Amino acid sequence: MRNKRQNKGDDLNIEQLLISKQCIGVGNAISKEYLMQLLGLETHSALMYHIARCRKNKQAILCKYNAGYYYPENKEELQSYLLTLQKKADTLTATIESIENGFIENRLGTG
20 MRNKRQNKGD DLNIEQLLIS KQCIGVGNAI SKEYLMQLLG LETHSALMYH IARCRKNKQA
80 ILCKYNAGYY YPENKEELQS YLLTLQKKAD TLTATIESIE NGFIENRLGT G
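Encoded structure:
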């Protein structure tokens, strides 16, 4: 039995779809709802599943809050997106460390 998230198979090329629909550059981004419709997906979790798989296969699928999904127009746009991802990763790492250290200090009495 297939995972419900995989309602359209694992061979989606979202990058090519974005290019073919001229979703190049943040100014031409499409909404998650429209992308889901184009891909025949029923849920946001299914979309995220397929985007993650495509990204693991080195497809450049970018997104911006309140703009949508798009293919980078140029190297600068890609670098800007990657910098944003790195900042998010750094913030998450700091949060994880803080929570872990706080838990150890508060619950285990060390520190």
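Just so you know, we're using the working numbering here: the sequence shown kicks off at 20 and counts up by one.
Think of the CB as a built atom: it goes at the ideal place given N, C-alpha and C, for glycine as much as any other residue.
Since this is a predicted model, take the numbers as computed values, not measurements.
#1: Three-state secondary structure (DSSP) at L58?
#2: What are the partner residues of G87, as DSSP defines its beta bridges?
#3: Among the candidates K75, C73, Y90, whose CA atom is the shortest distance from the CA of L81?
#4: So which of A113, L31, L66, A79 has the shortest CA-CA distance to V45?
#5: Would you grab the beta carbon distance between Y84 and A48 for me? Rounded to a whole angstrom, and I think it's under 8 Å.
#6: Label N125 either buried or exposed according to how many other C-beta atoms from any shown protein chain fall within 10 Å of its C-beta, with 16 as the threshold for buried.
#7: Look at the alpha carbon of I43 and the alpha carbon of T62, and state the distance between them as a whole number of angstroms.
#8: How is the alpha helix (DSSP H) around C42 delimited, first residue to last?
Quick look at the numbers:
#1: Numbered from its first residue, the sequence shown carries residue 58 at position 39. In the structure shown, L58 sits in a helix (DSSP, three-state: H, G or I).
#2: Position 68 of the sequence shown, counted from the start, is the residue given in the question as residue 87. Answer by DSSP bridge pairing, in chain order: K83.
#3: For the purposes of this step, residue 81 is taken as the residue at position 62 of the sequence shown. Cα-wise, what sits closest to L81 is Y90.
#4: Here residue 45 is taken as the residue at index 26 of the sequence shown, counted from 1. With distances taken between CA atoms, V45 lies nearest to A79 out of A113, L31, L66, A79.
#5: Stepping through the sequence shown from its first residue, residue 84 is reached at position 65. Stepping through the sequence shown from its first residue, residue 48 is reached at position 29. The Cβ separation is near 10 Å, so there is no contact.
#6: Here residue 125 is taken as the residue at index 106 of the sequence shown, counted from 1. Flag for N125 reads exposed.
#7: Working through the sequence shown from its first residue, we reach residue 43 at position 24. Working through the sequence shown from its first residue, we reach residue 62 at position 43. Taking the straight line from one Cα to the other gives about 24 Å.
#8: Indexing the sequence shown from 1 puts residue 42 at position 23. Per DSSP, C42 belongs to no alpha helix (DSSP H) and is neither H nor E.
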